[in-house]
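Colleague: Sharing a structure with you now.
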Amino acid sequence: MGCCYSYFCNDDRSSHGGDVNERTHLLVDPVSNNCNVQRANSEDILTRNSNNVPKKTDEQSALNKILQEFATNVIDVGALDSHTLQQNEYLERMRLYDLRVQRCNKSKILTKKKYILQDIPTTDKILSVDPLSKDDIKMVCIT
1 MGCCYSYFCN
11 DDRSSHGGDV
21 NERTHLLVDP
31 VSNNCNVQRA
41 NSEDILTRNS
51 NNVPKKTDEQ
61 SALNKILQEF
71 ATNVIDVGAL
81 DSHTLQQNEY
91 LERMRLYDLR
101 VQRCNKSKIL
111 TKKKYILQDI
121 PTTDKILSVD
131 PLSKDDIKMV
141 CIT
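For the record, in the sequence shown the residue sitting at position 91 is 91 according to full-length UniProt numbering, with numbers rising by one throughout.
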């Protein structure tokens with residue numbers, strides 16, 4: 001493992017004899033260790049960088065390095081083998097899909113709203129009843 005900060009400070013290595021083990025501190029206590037860390041103002045950085053203008057060859061080598069890293073990380077999808085479905089795989093997927101669709105349809109049927117006209121009996125039952133007799137019609141009309 002080792003100490004993350006031990007690269008800059010040799011105090012951790014000397015206390016453990018240079019051996020890295022499970023007891024080696026990963027983070028060093030910043031209060032107890034006095035390592036010289038350079039701090040600079042933004043003006044100092046600007047003056048240093050303006051004097052050190054990068055050369056064309058440095059820029060070109062940096063671009064080539066980036067291009068090389070990009071080329072190693074690219075996955076060529078066209079070169080990969082395409083997976084063709086076997087007949088049994090196709091049928092199994094189709095069966096699973098049908099089951100899922102049926103589950104969705106069942107849940108929709110259970111949550112279907114009831115409409116106002118649903119309570120009225122079907123017209124077939126009403127029309128299949130014998131018509132009113134003439135005596136019944138007269139009785140209704142007289143009153």
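No residue lacks a Cβ here, since even glycine has one placed at the ideal position from N, Cα and C.
State the Cα-Cα distance for the pair Phe70 and Ser61, rounded to the nearest angstrom.
Modeller: If I take the Cα positions, the gap works out to 14 Å.
Colleague: On the DSSP letters alone, give me the boundaries of the alpha helix (DSSP H) that Ala79 sits inside.
Modeller: It is not in any alpha helix (DSSP H) - Ala79 carries neither H nor E in the DSSP assignment.
Colleague: Please work out which residues of its chain come closer than 7 Å, Cβ to Cβ, to Arg103, disregarding the five sequence neighbours upstream and downstream, and give them in chain order.
Modeller: Closer than 7 Å at the Cβ level, and outside the excluded window around Arg103, lies no residue.
Colleague: Between the C-alpha atoms of Met139 and Asn105, what's the straight-line distance to the nearest angstrom?
Modeller: Cα-Cα distance, rounded: 52 Å.
Colleague: If we count the other Cβ atoms within 10 Å of its Cβ and call it buried at 16 or more, is Asp12 buried or exposed?
Modeller: Because the pLDDT of Asp12 is 45, which lies under 50, any placement of that residue in the model is unreliable, and the number read from its coordinates should be weighed accordingly. So Asp12 counts as buried.
Colleague: If you measure between the beta carbons of Leu85 and Arg93, is that distance less than 9 Å?
Modeller: Yes; because the gap between Cβ atoms is below 9 Å, this pair is in contact.
Colleague: Between Tyr90 and Asp98, what straight-line distance do the alpha-carbon atoms span, to the nearest angstrom?
Modeller: Their backbone Cα atoms lie some 12 Å apart in a straight line.
Colleague: Between which two residues does the alpha helix (DSSP H) carrying Thr123 extend?
Modeller: Counting along the chain, the alpha helix (DSSP H) containing Thr123 begins and ends at Thr123 to Ser128.
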